Amino acid sequence: MITLLFFARLAELTGVRRMETMASNTPQALADARPEWDFLRDRSLRVAVNRRWAHWDTPLSDGDEVAFLPPWASP
């Protein structure tokens, strides 16, 4: 299971701070999150996998933690 975390404005917009998915990469994780959350497909969002900044196409493994942050979040 992959844990998705949402911070700052993203948590406010979604009303969710944490959810789980079986996705194999970050784009699929967002697509699985909720279809109505189109704003999550914005590639300007910052992505961290296991507390390290990551690319949008980062492959995921069981037990990974993926955090989505607003574009102004700094590394």
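Under my numbering, the residue at position 42 of the sequence shown is numbered 88, and the numbers go up by one with no gaps.
Glycine included, every Cβ here is placed at the ideal spot set by N, Cα and C.
All of these numbers come straight from a predicted model, not from anything done at the bench.
Helix, strand or coil at residue i [DSSP, three-state]
i: R80; result: coil
i: T49; result: strand
i: L115; result: strand
i: R55; result: helix
i: A75; result: helix
Residue i versus residue j: straight-line alpha-carbon distance, rounded
i: R92; j: G109; result: 20 Å
Whole-Å CB distance - residue i paired with residue j, under 8 Å assumed
i: P117; j: L56; result: Contact flag wrong, Cβ pair sits at about 10 Å.
i: W83; j: T67; result: With 8 Å as the limit, W83 and T67 do not qualify as a contact, their Cβ atoms being about 13 Å apart.
Distance cut-off 6 Å: residue i Cβ against heavy atoms of the ligand NAP
i: S70; result: Inclusion of the ligand NAP in the displayed structure is not the case, the ligand content being empty and no account of it being possible.
7 Å Cβ cutoff met for residue i and residue j
i: F53; j: V62; result: no
i: A113; j: A94; result: yes
i: T104; j: T72; result: yes
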